[in-house]
Amino acid sequence: MKAPKCIINFYGYNALDYNEFQIPSAYYSNYPILTEKVVKKIIQPVPVSNGSLQTRFALYLYARQSGNWMNLLNVSEDDISQYGLNEGALNNLPPTFIAHSIYDNDVPFHIAQKLLKQIPNAYLYSVNHNDHVFDKDSQSHFSKNVYSEIFDWLPHIK
Numbered sequence: 009m010k011a012p013k014c015i016i017n018f019y020g021y022n023a024l025d026y027n028e029f030q031i032p033s034a035y036y037s038n039y040p041i042l043t044e045k046v047v048k049k050i051i052q053p054v055p056v057s058n059g060s061l062q063t064r065f066a067l068y069l070y071a072r073q074s075g076n077w078m079n080l081l082n083v084s085e086d087d088i089s090q091y092g093l094n095e096g097a098l099n100n101l102p103p104t105f106i107a108h109s110i111y112d113n114d115v116p117f118h119i120a121q122k123l124l125k126q127i128p129n130a131y132l133y134s135v136n137h138n139d140h141v142f143d144k145d146s147q148s149h150f151s152k153n154v155y156s157e158i159f160d161w162l163p164h165i166k
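First residue of the sequence shown: 9, per our numbering; consecutive thereafter.
Here it is, written out as structure tokens:
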């Protein structure tokens, strides 16, 4: 497989070893609290990787409310490092455009700042917004601005 010439990363984690996966989210505690009993009814013998947004969001919401990500993903403490990009891998990434909300209520902005420092040819576009999915409305000025910034950035990729 051919290596990518660049990466465009919107509001993402690079690994599972962040505290945010281990502790309940204050933001998501404002949603109706889901119990383990309800979530067990959703969990299937095979991983839920598609399906209705309600089903997938319920699992996500429970993981964020409980800080119980690793159990839901069936990842042990010993295996966490296998599911992510460590510093060495980040150092070898191609040019990377990172777009992230400064006030992201889901993936903290410090994640984007860390990626900016660790990826050699990275560019961070900071979105002055508090929504995690700042581009959910493709016609909003937030979306249009980030898309425009990407189109300005792409010609500089060698």
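The beta carbon of each residue, even a glycine, is placed where N, CA and C say it ideally should be. Since the model is a prediction, treat every value here as computed from it, not as a measurement.
Would you give the residue range spanned by the alpha helix (DSSP H) that residue i belongs to?
i: T200; result: This structure does not reach residue 200, given that the chain is present from 9 up to 166, and the question cannot be answered.
i: L80; result: 77 to 81
i: Y155; result: 149 to 161
i: A120; result: 117 to 126
i: L98; result: 95 to 99
Quick one: residues in its chain with C-beta nearer than 7 Å to the C-beta of residue i, no 5 flanking neighbours on either side, listed in chain order?
i: P32; result: Q73, S74, G75
i: Y36; result: L69, R72, Q73
i: L124; result: I106, A130, L132
i: Y21; result: V115, I119
Using C-beta distances below 8 Å, list every residue in its chain close to residue i, excluding the 5 sequence neighbours before and after it, in chain order.
i: H108; result: F18, Y19, V115, F117, I119, A120, L132, Y133, S134, V135
i: A66; result: L42, V46, V47, I50
Would you identify the three-state DSSP class for residue i, choosing helix, strand or coil?
i: V47; result: helix
i: N17; result: strand
i: Y131; result: strand
i: Y39; result: coil
i: N22; result: coil
i: Q52; result: coil
I'd like the span of the beta strand (DSSP E) that includes residue i, first residue to last.
i: S109; result: 104 to 109
Counting only the same chain and skipping the five closest in sequence on each side, list residues whose C-beta sits under 6 Å from that of residue i.
i: W77; result: F29, A71
| message | Quick test of the definition: if touching needs 3 or more C-beta pairs under 8 Å, does the region 42 to 55 touch the region 141 to 161? | response | no
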